[in-house]
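Positions in the sequence shown are counted from 1; adding 21 to them yields the working numbering. Comments concern the structure below.
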Amino acid sequence: MARIAVLPGDGIGVEIVPQAIKVLNKVAPKYGIELEYSEGLIGGAAIDAEGIALPETTLQLCKESQAVLLGAIGGPKWDTLPAPQRPEVASLLPLRKHLGLYANVRPTVLNPALIGASPLKEELVKGTDMVVIRELTGGIYFGEKYREPHPSGEKAVDILVYTTEEIERIAKLAFDIASKRRKKVTSVDKANVLESSRLWRETVTRLAQDYPEITLEHMYVDNCAMQLIRNPLQFDVILTENMFGDILTDEASILSGSIGMLASASFGGNVAMYEPAHGSAPDIAGQDKANPLATILSAAMMLKYSFNCSEGAEEIERAVAKVLAEGYRTGDIMEPGKKLVGTEEMGNLVCEKLGE
Ligand code: IPM
Ligand code: MG
């Protein structure tokens with residue numbers, strides 16, 4: 022029996038996570054995987070219930086599980102809290118840190134059925150298939166932060182730190198992943214300006230010597246932001262630091278039609294975590310409008326990476342592709358002539374297509 026910590030969180034999190042569980046429950050048993058789910062509170066939901074964004078019980082639950090399935094965190098209700106208590110800062114980031122999840126893997130693939138859903142030109146995005154490897158427990162997200170008085174009012178400081186060790190371990194993962202793909206790594210930094218990026222570039226270059234079969238190129242982050250929408254097919258594996266990865270993956274998600282399609286997995290510790298790359302979408306929360314596919318595809322990644330069940334993962338991916346090929350769409354990927362469905366129905370449709 023494998024224990025999964027289920028953390029739906031806030032906003033659309035509580036709507037999309039049950040869809041992924043529904044799918045997992047149909048697929049996992051076929052491959053002899055028995056899953057047991059234990060729900061935990063996190064984010065705004067935990068603040069409301071227990072006065073704290075990451076309760077100790079939730080952290081324990083995650084540590085005792087084989088994998089974590091997370092929905093989304095945050096919302097306007099908690100935006101006015103003092104910064105250190107905000108759900109993002111007080112729950113998701115410490116959870117990643119406590120679990121040692123230094124590597125966030127975000128595959129960006131354009132499903133052929135969604136070519137028209139992308140706002141970018143068809144000839145440009147067709148064939149997009151890349152994966153962004155984002156460092157997740159270092160950099161400016163986790164450096165020292167403070168404010169102090171300043172003659173003009175205040176001075177605010179966020180420190181960006183990277184060590185050789187932090188860069189090496191994420192770079193190794195990127196090279197390993199690339200060696201199973203098209204063997205190209207684009208390491209993204211801002212080495213023309215930032216010292217941390219210069220260390221990043223030197224370290225990645227040195228490590229590349231151990232991977233002679235991989236083509237390594239370096240790209241400045243501003244250029245990468247442009248290249249992603251100018252010529253996305255040039256990318257295979259993008260390797261980058263925490264904040265650049267946060268920004269570039271939102272941008273890259275549009276290549277797959279919508280951020281509602283972007284799955285993610287985080288590795289590094291004993292327990293891996295699977296979560297859609299999007300947020301809690303308070304504007305559509307509670308209305309059965311959210312796209313559950315990013316979460317469902319994250320659950321597929323769970324089968325593949327945490328349970329070594331690539332076949333199950335592929336079955337889910339095929340079912341998603343079928344539903345899209347048949348023209349079913351949530352609002353974020355809707356196009357004229359397609360069939361608009363809600364969150365729940367999208368989950369049911371994927372379940373129906375499994376094994377077909
Ligand atoms: C993401 C999100 C988070 C991040 C937020 C919610 C803290 O944007 O996973 O990309 O910045 O890492
Ligand atoms: Mg983000």
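Note that CB positions come from ideal geometry on N, CA and C, so glycine has one too.
Using the Cβ count rule (16 or more neighbours within 10 Å means buried), how would you classify I180?
Per the 10 Å Cβ criterion, exposed.
At which residues does the alpha helix (DSSP H) containing D267 begin and terminate?
From DSSP, the alpha helix (DSSP H) with D267 extends over 263-274.
Does M247 pass the burial test, meaning 16 or more other C-beta atoms within 10 Å, or should it be called exposed?
So M247 counts as exposed.
Just the residues with CB closer than 6 Å to a heavy atom of the ligand MG, in chain order, which are they?
In chain order, the hits are D267, D271.
By DSSP's criteria, L28 is part of a beta bridge. Which residues make up the other side?
Looking at the DSSP assignment, L28 forms a beta bridge with L91.
On the DSSP letters alone, give me the boundaries of the alpha helix (DSSP H) that E377 sits inside.
Element bounds for E377: n/a, residue is neither H nor E.
Counting Cβ pairs, one atom from each stretch, are 3 or more of them under 8 Å apart for the stretch 357-372 and the stretch 323-334?
Result no; under three Cβ-Cβ pairs closer than 8 Å.
Using a threshold of 8 Å, is the CB atom of L113 nearer than that to any non-hydrogen atom of the ligand IPM?
Correct: L113 has its Cβ closer than 8 Å to the ligand IPM.
With 16 other CB atoms within 10 Å as the buried threshold, where does K211 fall?
Counting Cβ neighbours within 10 Å, K211 comes out buried, since at least 16 surround it.
Restricting to Cα atoms, I'd like to know which of S112, A88, T129, S139 is closest to M355.
M355 has its Cα closest to that of S139, out of S112, A88, T129, S139.
Please name the residue or residues paired with D150 in a DSSP beta bridge.
Looking at the DSSP assignment, D150 forms a beta bridge with V130.
Look at K147 and C372 and say whether their C-beta atoms are less than 9 Å apart.
No, Cβ-Cβ distance for K147 and C372 is not below 9 Å.
Would you give the residue range spanned by the beta strand (DSSP E) that R203 belongs to?
Careful: R203 lies outside any beta strand (DSSP E) and carries neither H nor E.
Can you give me the C-alpha to C-alpha distance between G262 and E187, rounded to a whole angstrom?
In the sequence on display, residue 262 carries Glu and not Gly. Distance between the alpha carbons of E262 and E187 is about 10 Å.
Could I get the ranges of all uninterrupted alpha helix (DSSP H) runs contained in the stretch 301-329, with 4 residues as the minimum, in chain order?
Counting whole runs of 4 or more residues, the stretch 301-329 contains the alpha helix (DSSP H) stretches 314-327.
Determine, using beta carbons only, whether G92 and P108 come nearer to each other than 9 Å.
Not closer than 9 Å, so no.
Going by C-alpha to C-alpha distance, which of R202, L102, L45, H239 sits closest to L69?
Looking at the sequence shown, residue 69 is not Leu but Asp. Residue L102 is the option with its Cα nearest to D69.
Could you pull out every residue in the same chain whose Cβ sits closer than 7 Å to the Cβ of H119, ignoring the five residues on either side in sequence?
Excluding residues within five positions, the ones whose Cβ falls inside 7 Å are L80.
DSSP has P170 in a bridge; who is on the other side?
Beta-bridge pairing links P170 to E175.
Use the C-beta contact count for T149: other C-beta atoms within 10 angstroms, 16 or more gives buried, fewer gives exposed.
T149 is buried by the Cβ-count criterion.
Is the beta carbon of I280 sitting closer than 9 Å to the one on D267?
No, they are not a contact pair.
For a test of the three-state rule: what should DSSP assign to S277, helix, strand or coil?
It is helical.
If you reduce the DSSP assignment to three classes, tell me which class F163 lands in.
DSSP places F163 in coil when its eight states are reduced to three.
For T101, report the span of its beta strand (DSSP E) as first-last.
No beta strand (DSSP E) contains T101, which DSSP labels as neither H nor E.
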